[in-house]
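By numbering that gives the first Met the number 0, the letter at position 501 of the sequence shown is numbered 500, and the numbering carries on one by one without gaps.
Just so it is clear, CB atoms sit at the ideal spot from N, CA and C, and this is done for glycine as well.
Since we're looking at a predicted model, the values are computed, not measured.
I have placed the structure first, in the form of structure tokens, so that the comments after it can refer back to it.
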Amino acid sequence: MKFIFVTGGVISSLGKGLTAASLGTLLENRGLKVTLQKFDPYLNVDPGTMSPFQHGEVYVLDDGAETDLDLGHYERFTSCKLTRLNNLTSGQVYQTVLNNERQGKYLGKTVQVIPHVTDEIKNRIRTLAEQSGADVLITEVGGTTGDIEGLPFLEAIREFALEAGPGNVAFVHVTFVPFIKAAGELKTKPTQQSVAKLREIGITPHLIVCRCERAINREVRQKISLFCNVPVEAVIEEQDVEHTIYEVPLMLQRERADDLICGLLRLDLPPADMRHWQEMLRKIIAPRHHVRIGVVGKYIGLQDAYKSVYEALLHGGVANDCGVEIVRVDAEQIERDGADKHLHGLDGVLVPGGFGERGVEGKIRAAQFAREHKVPYLGLCLGMQVASIEFARHVLGLEGAHSTEFAPDTPHPVIVLLDEQKKITRKGGTMRLGAQPCQLKLGTRAAQLYGSFMANERHRHRYEFNNAYRAAFERAGVVFSGLSPDGQLVELIELAEHPFFLACQFHPEFLSKPHQAHPLFRGFIAAALERGRKQSS
Ligand code: GLN
Numbered sequence: 000m001k002f003i004f005v006t007g008g009v010i011s012s013l014g015k016g017l018t019a020a021s022l023g024t025l026l027e028n029r030g031l032k033v034t035l036q037k038f039d040p041y042l043n044v045d046p047g048t049m050s051p052f053q054h055g056e057v058y059v060l061d062d063g064a065e066t067d068l069d070l071g072h073y074e075r076f077t078s079c080k081l082t083r084l085n086n087l088t089s090g091q092v093y094q095t096v097l098n099n100e101r102q103g104k105y106l107g108k109t110v111q112v113i114p115h116v117t118d119e120i121k122n123r124i125r126t127l128a129e130q131s132g133a134d135v136l137i138t139e140v141g142g143t144t145g146d147i148e149g150l151p152f153l154e155a156i157r158e159f160a161l162e163a164g165p166g167n168v169a170f171v172h173v174t175f176v177p178f179i180k181a182a183g184e185l186k187t188k189p190t191q192q193s194v195a196k197l198r199e200i201g202i203t204p205h206l207i208v209c210r211c212e213r214a215i216n217r218e219v220r221q222k223i224s225l226f227c228n229v230p231v232e233a234v235i236e237e238q239d240v241e242h243t244i245y246e247v248p249l250m251l252q253r254e255r256a257d258d259l260i261c262g263l264l265r266l267d268l269p270p271a272d273m274r275h276w277q278e279m280l281r282k283i284i285a286p287r288h289h290v291r292i293g294v295v296g297k298y299i300g301l302q303d304a305y306k307s308v309y310e311a312l313l314h315g316g317v318a319n320d321c322g323v324e325i326v327r328v329d330a331e332q333i334e335r336d337g338a339d340k341h342l343h344g345l346d347g348v349l350v351p352g353g354f355g356e357r358g359v360e361g362k363i364r365a366a367q368f369a370r371e372h373k374v375p376y377l378g379l380c381l382g383m384q385v386a387s388i389e390f391a392r393h394v395l396g397l398e399g400a401h402s403t404e405f406a407p408d409t410p411h412p413v414i415v416l417l418d419e420q421k422k423i424t425r426k427g428g429t430m431r432l433g434a435q436p437c438q439l440k441l442g443t444r445a446a447q448l449y450g451s452f453m454a455n456e457r458h459r460h461r462y463e464f465n466n467a468y469r470a471a472f473e474r475a476g477v478v479f480s481g482l483s484p485d486g487q488l489v490e491l492i493e494l495a496e497h498p499f500f501l502a503c504q505f506h507p508e509f510l511s512k513p514h515q516a517h518p519l520f521r522g523f524i525a526a527a528l529e530r531g532r533k534q535s536s
């Protein structure tokens with residue numbers, strides 16, 4: 000087995016995750032089985048308890064692990080299926096080490112960062128390597144070189160490389176090469192300094208990936224090569240993408256990053272065939288059609304809070320040869336100005352998942368607008384719950400209908416706490432999480448889109464549709480098109496008398512890929528396209 004470690008220098012938000020994922024794409028297309036892992040140096044056990052302001056989206060895996068959003072890139076860029084082993088935080092490392100200590104496993108020794116913490120990190124790399132059955136493991140070390148909390152991870156990978164022996168490990172360092180306008184120059188000093196920091200720890204990078212706004216010229220490459228001790232061809236340019244993040248694998252291929260890595264790891268493989276990827280890119284860059292989709296949420300100003308939702312919309316576009324313009328609508332603005340002002344003229348409305356009361360009334364009004372104006376609607380998790388509340392209030396006339404999450408004393412609790420949640424008080428990994436089977440009803444739009452009677456979808460919620468209201472909803476035209484196999488939990492609802500009104504309790508956005516859009520997103524964009532056509536004809 001071969002190992003690639005990706006570190007980052009100078010600043011955060013360099014797109015290390017995308018670089019790691021893109022290397023994964025290239026190696027997979029050269030015929031290797033790859034898996035990707037993320038180290039997060041923070042002390043939270045997982046990001047499940049963090050606010051979107053802190054962390055962006057929490058990405059959920061099949062096994063219910065709540066993970067860093069980079070794992071979303073890994074799954075979208077490759078065919079690997081990740082598990083909780085693929086995301087390691089300092090919190091988890093310390094939790095294990097402290098549990099071991101309490102169980103007396105260290106036999107009277109003083110428990111220390113080196114070797115106990117670093118050994119635990121190395122164990123985790125080995126366990127994943129064994130269990131994944133992959134040929135190559137790409138590990139991204141979160142944070143920036145020089146961070147105090149990242150040191151144990153860097154020490155661990157240095158030791159790991161020594162133990163793995165030459166030809167088995169490649170170090171890739173992603174750094175920033177700023178362009179200073181006043182001087183009209185690209186500057187290499189930050190890169191030199193961050194590589195110096197790595198070398199101080201004992202790691203000499205084999206490849207230096209330079210994130211830059213402008214192309215780096217020969218002179219800059221030579222300078223980095225000379226001062227950072229890498230051959231000039233190992234200085235890889237990764238410019239800001241022009242259209243989409245899915246350009247990155249091709250950029251790295253042009254720079255021969257994968258050839259270099261294969262050389263270092265002594266892998267003799269044919270070049271990656273990226274024709275299918277290029278075709279997918281064409282559909283993103285020059286689509287034949289175009290739609291505008293409103294996403295109504297409360298973290299609209301944040302780039303990363305609805306990452307997978309934005310990606311899945313784009314994938315739905317690819318499947319329909321259609322560009323998707325995302326109009327980000329703040330739910331609280333709808334509360335202030337009414338839905339019409341913000342949603343008028345859009346081809347589709349999507350309400351993503353969420354927690355807490357802020358903005359909920361705005362989301363309810365967005366669902367109402369979509370239902371009444373026959374605008375295609377896709378509701379995800381909270382997006383299904385607000386659609387149910389809206390229907391109860393305005394179609395069934397149940398005044399004050401609500402979810403007990405937001406109104407514990409509502410006279411019409413159409414959304415209630417899941418039974419299994421009633422005893423739970425601890426936070427962190429305690430929601431209904433991960434992949435659960437869903438039985439689809441014959442003849443519904445959902446069954447038609449999936450082309451199947453079963454789906455397996457990822458969840459992250461505590462509340463559910465209240466079955467006491469099922470009959471009334473059905474009489475008024477709601478179709479319960481997806482249920483848990485025991486029939487107890489509502490997973491998917493749709494409206495019969497509507498061009499496309501579909502809402503699910505799960506998160507389909509976590510299973511969508513650029514060249515394999517999730518069926519619900521494919522169907523949603525197709526319906527939006529249809530509406531756009533009708534409006535303009
Ligand atoms: N807050 C809702 C619940 O816990 C919805 C969760 C979500 O949208 N992920 O059920």
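Following the DSSP letters along the chain, one finds M250 inside the alpha helix (DSSP H) bounded by residues V247 to R253. E278 carries a helical assignment under DSSP once its states are collapsed to helix, strand and coil. For Y309, no beta strand (DSSP E) run applies; the uninterrupted alpha helix (DSSP H) run containing it begins and ends at K306 to A318, by DSSP. DSSP places I423 in the coil class of the three-state scheme, outside both helix and strand.
Going by C-alpha positions, G442 is about 11 Å away from F479. At a cut-off of 7 Å, the beta-carbon of E56 does not count as near the ligand GLN: no heavy atom of the ligand is closer than that. For the set T109, V9 and E237, the Cα lying nearest the Cα of L22 is the one of E237. Straight-line measurement puts the Cα of V176 at about 6 Å from the Cα of C209. In this structure, DSSP gives A169 an extended state, which the three-state scheme calls strand. For L312 against I292, the beta-carbon gap comes to about 6 Å, under 8 Å, which counts as contact. Separation of A181 and N228 (C-alpha to C-alpha, rounded to the nearest whole angstrom) is 29 Å. Within 7 Å of the C-beta of L377 there is not a single heavy atom belonging to the ligand GLN. Rounded to the nearest whole angstrom, the CA to CA distance from Q94 to E148 is 15 Å. Taking a cut-off of 8 Å for Cβ pairs, the region 70–82 and the region 184–191 do not touch, as fewer than three such pairs fall below it. For Q515, the pairing in a beta bridge is given by DSSP as K512. In this structure, C321 is the residue among C321, E254, G315 and G296 with its C-alpha nearest to the C-alpha of A285.
At a threshold of 7 Å, F464 does not count as near the ligand GLN, since its beta carbon sits no closer than that to any of the ligand's heavy atoms.
Within the same chain, and ignoring the five residues on either side of P151 in sequence, the residues whose Cβ sits closer than 7 Å to its Cβ are V112, V116, T117 and I120.
Ranked by Cα distance from I137, the first of R274, E310, K222 and I260 is I260.
Partner residues in a beta bridge of H72, as assigned by DSSP, do not exist.
Annotated as proximal: V44 and G90, with beta-carbon spacing under 8 Å.
Per DSSP, the continuous alpha helix (DSSP H) segment holding H393 begins and ends at L381 to H393. With a cutoff of 8 Å on beta-carbon distance, A475 and L397 are scored as not near each other. One thing to note: G55 has its Cβ no nearer than 8 Å to the Cβ of E139.
At least 8 Å separates the beta-carbon of V5 from that of T77. D67 counts as buried, since at least 16 other C-beta atoms from the protein chains shown sit within 10 angstroms of its C-beta. Remark: C-beta atoms of P375 and A526 approach each other more closely than 8 Å. Counted as a single uninterrupted DSSP element, the stretch harbouring Y298 is not any alpha helix (DSSP H), since DSSP gives it neither H nor E.
Closest in C-alpha terms to Q420, from the list C380, E463 and Q438, comes E463. Taking a 10 Å sphere around the C-beta of P230, we find fewer than 16 other C-beta atoms and assign the residue as exposed. In this structure, the straight-line span from the alpha carbon of S307 to that of Y73 is close to 12 Å.
Here DSSP, grouped into helix, strand and coil, assigns Y376 to strand. The DSSP assignment places 117–131 and 150–163 as complete runs of the alpha helix (DSSP H) inside the region 115–176, in order along the chain (cut-off: 4 residues). Bounds of the alpha helix (DSSP H) holding L259 are A256 to L263. Between K297 and R335 the beta-carbon gap is near 13 Å, outside 8 Å, which marks them as no contact. Residue pairing by DSSP puts Q238 in a beta bridge opposite C211.
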